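First comes the structure, then the notes that go with it.
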Amino acid sequence: MTESSTTMSNNVHARVSAVPGRIQSVERAAAILRLLASGARQLGVVELANALQLPKGTVHGILQTLQHVGFVEQSRSGGKYRLGAALLHLGNSYLDVNELRTRALNWADSLASRSRESVRIGSLHEGQVLVVHHVFRPDDSLQVLEVGALLPAHASALGKVLLAFDLQGESLLDELALKRFTARTLTTRRALTDDLERVRKLGWGAEVEEMIDGEAAVAAPIHDDRGIAVGAIGVSGAIERVCDENGKPRLDLVSTVRDAARSISRNLGARKW
Amino acid sequence: MTTEPAFVAAIDQGTTSSRCIVFDRRGGIVSVAQREHRQIFPRPGWVEHDAEEIWANVVQVVEEALDLADLPRTRLAAVGITNQRETTLVWDRATGRPVHNAITWQDTRTDELVRELGGAVGQDRFRERCGLPLATYFSGPKLRWLLRTVPGLAERADRGEVLFGTMDSWLIWKLTGGLHITDVTNASRTMLMNLATLDWDDAILAEFGVPRAALPEIRPSSAVYGTATGVLDGVPVAAALGDQHAALFGQTAFSPGDIKSTYGTGSFLLLNTGESIVQSGHGLLTTVGYQIAGQRAVYALEGSIAVTGSLVQWFRDKLGLINSAAEIETLARTVADNGGCYIVPAFSGLFAPYWRSEARGVITGLTGYVDKGHLARAALEATAWQTREVMDAMRADTALDVGALRVDGGMTANNLLMQLLADTLDVPVTRPTVAETTCLGAAYAAGLAVGYWPDLDALRANWHKAAEWAPAIDPATRARGHRKWRKAVERSFDWTDEDDLPQPA
Numbered sequence: 001m002t003e004s005s006t007t008m009s010n011n012v013h014a015r016v017s018a019v020p021g022r023i024q025s026v027e028r029a030a031a032i033l034r035l036l037a038s039g040a041r042q043l044g045v046v047e048l049a050n051a052l053q054l055p056k057g058t059v060h061g062i063l064q065t066l067q068h069v070g071f072v073e074q075s076r077s078g079g080k081y082r083l084g085a086a087l088l089h090l091g092n093s094y095l096d097v098n099e100l101r102t103r104a105l106n107w108a109d110s111l112a113s114r115s116r117e118s119v120r121i122g123s124l125h126e127g128q129v130l131v132v133h134h135v136f137r138p139d140d141s142l143q144v145l146e147v148g149a150l151l152p153a154h155a156s157a158l159g160k161v162l163l164a165f166d167l168q169g170e171s172l173l174d175e176l177a178l179k180r181f182t183a184r185t186l187t188t189r190r191a192l193t194d195d196l197e198r199v200r201k202l203g204w205g206a207e208v209e210e211m212i213d214g215e216a217a218v219a220a221p222i223h224d225d226r227g228i229a230v231g232a233i234g235v236s237g238a239i240e241r242v243c244d245e246n247g248k249p250r251l252d253l254v255s256t257v258r259d260a261a262r263s264i265s266r267n268l269g270a271r272k273w
Numbered sequence: 001m002t003t004e005p006a007f008v009a010a011i012d013q014g015t016t017s018s019r020c021i022v023f024d025r026r027g028g029i030v031s032v033a034q035r036e037h038r039q040i041f042p043r044p045g046w047v048e049h050d051a052e053e054i055w056a057n058v059v060q061v062v063e064e065a066l067d068l069a070d071l072p073r074t075r076l077a078a079v080g081i082t083n084q085r086e087t088t089l090v091w092d093r094a095t096g097r098p099v100h101n102a103i104t105w106q107d108t109r110t111d112e113l114v115r116e117l118g119g120a121v122g123q124d125r126f127r128e129r130c131g132l133p134l135a136t137y138f139s140g141p142k143l144r145w146l147l148r149t150v151p152g153l154a155e156r157a158d159r160g161e162v163l164f165g166t167m168d169s170w171l172i173w174k175l176t177g178g179l180h181i182t183d184v185t186n187a188s189r190t191m192l193m194n195l196a197t198l199d200w201d202d203a204i205l206a207e208f209g210v211p212r213a214a215l216p217e218i219r220p221s222s223a224v225y226g227t228a229t230g231v232l233d234g235v236p237v238a239a240a241l242g243d244q245h246a247a248l249f250g251q252t253a254f255s256p257g258d259i260k261s262t263y264g265t266g267s268f269l270l271l272n273t274g275e276s277i278v279q280s281g282h283g284l285l286t287t288v289g290y291q292i293a294g295q296r297a298v299y300a301l302e303g304s305i306a307v308t309g310s311l312v313q314w315f316r317d318k319l320g321l322i323n324s325a326a327e328i329e330t331l332a333r334t335v336a337d338n339g340g341c342y343i344v345p346a347f348s349g350l351f352a353p354y355w356r357s358e359a360r361g362v363i364t365g366l367t368g369y370v371d372k373g374h375l376a377r378a379a380l381e382a383t384a385w386q387t388r389e390v391m392d393a394m395r396a397d398t399a400l401d402v403g404a405l406r407v408d409g410g411m412t413a414n415n416l417l418m419q420l421l422a423d424t425l426d427v428p429v430t431r432p433t434v435a436e437t438t439c440l441g442a443a444y445a446a447g448l449a450v451g452y453w454p455d456l457d458a459l460r461a462n463w464h465k466a467a468e469w470a471p472a473i474d475p476a477t478r479a480r481g482h483r484k485w486r487k488a489v490e491r492s493f494d495w496t497d498e499d500d501l502p503q504p505a
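Top to bottom, those sequences are chains Y and S.
Quick note: the first sequence uses full-length UniProt numbering, first residue 1, plus one each step.
Quick note: the second sequence uses full-length UniProt numbering, first residue 1, plus one each step.
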């Protein structure tokens, strides 16, 4: 008995020690993926090579391999790299939209109570914003539930926040038809890119009469426990209520929205029930 | 800076945890604290709670909620209590120590005792007076079990040395430093209170062998009972309601015909029947909805559904078809209808309106076409059809015009379920902005008692629709679905029989 178990553990030991240490190129590939996942920005070969202190050729070779298996994608403009769809669907990085609504329910209600405006939660769906949750403006006026509706990503606060923070957001820019809804809709790639840069810097986004005349909205990103943006939450309403006398979103409203987004993000970091 | 009382606190002493929520004047949540307590299982079917542990948790969550809101207790206008119903405790009047663990509502140790109390008449023996059938859930049989089982307890009860109470009484006693009080809603779950007089029923007390000396004074649900000492020193203790009654109050279902349904692992529907005591001919319970100090009691009909959210949990934990409860909606939306499949989740028999304890769950209409999406849809439809049957029973008992269903509870996050409810019931389904209706109801009742809110209209004005689902299917489709559901229910009948009795070794 003792003898046979000794033999077995020797065998196991022999098998383990037959592995020749760690594989350097796998470690490097992991480091590249980590860098690409760390920010919303896309990175080029030079930036990656500098960050990892590796020769450009080595980084390029690894990127080619990762691209082949779908773990990274190269954007059409500029040749920069981002995480690929295949990687995003690995593991549980994909958050079920019904799960998102369930976890956000109480905070969305509370945001509606505090802001006295209607609340929506959206996630990206084929280049548009899918409304996954909607809380009525608490004034008992006639309102219709808009869950399942699609909003234009470039003309809505929710959409701009998602384009700025979602891992796949920036890759969508090339494909978006920047349709005009009002005189203030951002219809050039340049204007939209500048605005998204601002959204990233501030941590929130707004739409002021860009989708509907007389209406404005403020939104902030919802992150999961790994910091990946899984959705956005925002309030919308008449411009005179959402914006100040200068036509800018009211900062107290902005901070109420960001508080709600942070609370939901914290809740997503928690264990599933 | 003002130090005027500006907030109301609610303590929710539930089956698995105790919570404290602080509300502002608009009914908005200011802070929440929560703490779980142990479930004690001395034997199969027995479930107890340690009342001292629960009290310690309550003190802690009250302190935490005040800290989180950054409030001194002087800013609280009142505190209200809502609690798990029927859970039964006896404690020593002199020392304040429980003589036994609390026996919870799920505990079935009184199974035999209940049959004995029914005698030749059966389970409806006391129904007309107390509104309830003889069942293990209610406090009266649990109290009788304690008086019979704990040595010397019956004699001590006769001498008034020990006190009985549900969890509201225990908390009021502890908070006020010795007031022995319960409210009409909690008392209406004991089987010992006469629904018409709102006093303990001497005939029932005699049958149960319960001395009046051990029983708390029955007070309205919204009334100043006394002033707290200790953790809430100086704050008026001004409300107590059983959890489902508090949800009715929190939904501001103050008019006859108003109806609410709370969707959790099981579901509870309460219909406000105004000042009339409606005896159900369709298996519903008659209970006190609430009573405001100085006013007549408002009564309610209650229908409970044993398995709703727990069917979704069964899909997750036993079948493994989904990873989280919310994913049932995703799975159900992969198909357009139930594919002819119906699930009747009679896991431990059927409740209202059938009351068939020998029924067991069935999945019917299976064909090779049915996939997991159809099963998920059938699971959600089961909750909708069971709600429909309780509502039909309520309509048949009261002739009240039921306008819309006010929903709350965790399952209201499921949009497909809410739409299926509207389609099945053929009434609009509305969800309020504050989902914590149970705590809100206790806070409302307490705030009302001290004048923090002037009247019921002020509370009604606080109720706002967060979402509404309108019926969207044609009558013929609804009727066809209903007929199939009833056939499915019939197939669940008469399942357990002598073959299910324990076999001799």
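Heads up, the beta-carbon is just placed ideally off N, CA and C, and yes, glycines get one too.
Fair warning: this is a prediction, and the values are worked out from it, not measured in the lab.
Q | Y/Val147 at chain S interface by Cβ criterion, 7 Å | A | yes
Q: Assign S/Lys487 to one of three DSSP states: helix, strand, or coil.
A: helix
Q.
Residues of chain Y with CB closer than 7 Å to the CB of S/Glu327, please, in chain order.
A. Asp96, Asn98 and Glu99
Q: Find the residues of chain Y that neighbour S/Arg26, judging by a C-beta separation of less than 8 Å, and give them in chain order.
A: The contacting residues are Ser113.
Q) Per DSSP, S/Leu269 forms a beta bridge with which residues? A) S/Ser261 and S/Gly303
Q: Please classify S/Gln39: is it buried, with 16 or more other beta-carbons within 10 angstroms of its beta-carbon, or exposed?
A: exposed
Q | Boundaries of the alpha helix (DSSP H) in which S/Ser169 is found, first to last residue | A | Here the alpha helix (DSSP H) through S/Ser169 covers Met167 to Thr176.
Q) What do you reckon, are the CB atoms on Y/Ala232 and Y/Leu130 nearer than 7 Å? A) Their beta carbons are not under 7 Å apart, which means Y/Ala232 does not touch Y/Leu130 by this criterion.
Q) Exposed or buried, what is S/Trp355 when buried is set at 16 or more other beta-carbons lying within 10 Å of its beta-carbon? A) exposed
Q: Look at the Cβ atom of S/Arg360, then the Cβ atom of S/Trp453, and state whether they are nearer than 7 Å.
A: no
(Q) Among the candidates S/Pro220, S/Phe347, S/Arg460 and S/Val489, whose CA atom is the shortest distance from the CA of S/Cys341? (A) S/Val489
Q: Use the C-beta contact count for S/Ile462: other C-beta atoms within 10 angstroms, 16 or more gives buried, fewer gives exposed.
A: Note that residue 462 of chain S is Asn in the sequence shown, not Ile. Buried.
Q: Can you grab the Cα-Cα spacing for the pair Y/Thr65 / Y/Ala29, in whole Å?
A: When rounded, the distance between both Cα atoms is 9 Å.
Q. Is the Cβ of Y/Leu151 closer than 7 Å to any Cβ of chain S?
A. no
Q | Residue range of the alpha helix (DSSP H) that includes S/Gln419 | A | Residue range Asn415 to Leu425 is occupied by the alpha helix (DSSP H) that includes S/Gln419.
Q: Tell me residue 274 of chain Y's beta-bridge partners as DSSP assigns them.
A: No statement about residue 274 of chain Y is possible, as the shown extent of chain Y runs from 1 to 273 and does not include it.
**Q.** Span of the alpha helix (DSSP H) around S/Gly250
**A.** Asp243 to Gly250
Q) Residues bridged to S/Asp107 by DSSP? A) None, per the DSSP bridge assignment.
Q: Could you tell me if Y/Ile23 is buried or exposed, where buried requires 16 or more neighbouring beta carbons within 10 angstroms of its beta carbon?
A: exposed
Q: Mind listing the chain S neighbours of Y/Pro249? Cutoff is C-beta to C-beta under 9 Å, in chain order.
A: Here the premise fails: no neighbours, minimum Cβ distance about 22 Å.
Q) From Y/Val257 to S/Thr433, what does the alpha carbon distance come to, in whole angstroms? A) 17 Å
**Q.** Contacts of Y/Val135 in chain S (Cβ-Cβ under 8 Å)
**A.** Under the 8 Å cutoff, chain S gives Thr433, Ala466 and Ala467.
Q. S/Thr330 CB to nearest chain Y CB: under 7 Å?
A. yes
Q. Can you tell me whether DSSP reads residue 535 of chain S as helix, strand or coil?
A. With chain S covering only 1 through 505, there is no way to say anything about residue 535 of chain S.
Q. In its own chain, which residues sit with a C-beta less than 7 Å from the C-beta of S/Glu52, not counting the 5 before and 5 after it?
A. Pro98
Q. Going by C-alpha distance, which of S/Lys142, S/Thr104 and S/Ile322 is nearest S/Leu113?
A. S/Lys142
**Q.** Same chain, Cβ closer than 8 Å to S/His464, five either side skipped, listed in chain order
**A.** Pro432 and Thr433
**Q.** Interface partners of S/Ile29 on chain Y, CB under 7 Å
**A.** Ser110, listed in chain order.
Q: Classify S/Ala137 as helix, strand or coil using the three-state DSSP reduction.
A: Rather than Ala, the amino acid found at residue 137 of chain S in this sequence is Tyr. Residue state, collapsed to three classes: coil.
**Q.** Proximal chain S residues relative to Y/Asn106, where beta-carbon distance stays under 7 Å
**A.** Result: Ala435.
Q.
Please report whether the beta-carbon of S/Ser324 lies at a distance below 7 Å from any beta-carbon of chain Y.
A. Judged by the 7 Å Cβ criterion, S/Ser324 is in contact with chain Y.
**Q.** Beta-carbon neighbours of S/Ala413, restricted to chain B and to distances below 8 Å
**A.** The chain inventory of the structure shown lacks chain B, comprising the protein chains Y and S.
Q: Could you please give me the residues that DSSP links to Y/Met211 through a beta bridge?
A: In the DSSP assignment, no residue is bridged to Y/Met211.
Q) Among the residues of its own chain, which have a CB less than 6 Å from the CB of S/His374, if the five just before and after it don't count? A) Val335, Asn338, Gly339 and Cys341
Q: Please confirm if Y/Asp140 has its CB atom under 7 Å from at least one CB of chain S.
A: yes
Q) So what does S/Ala102 bridge to, in DSSP terms? A) S/His49
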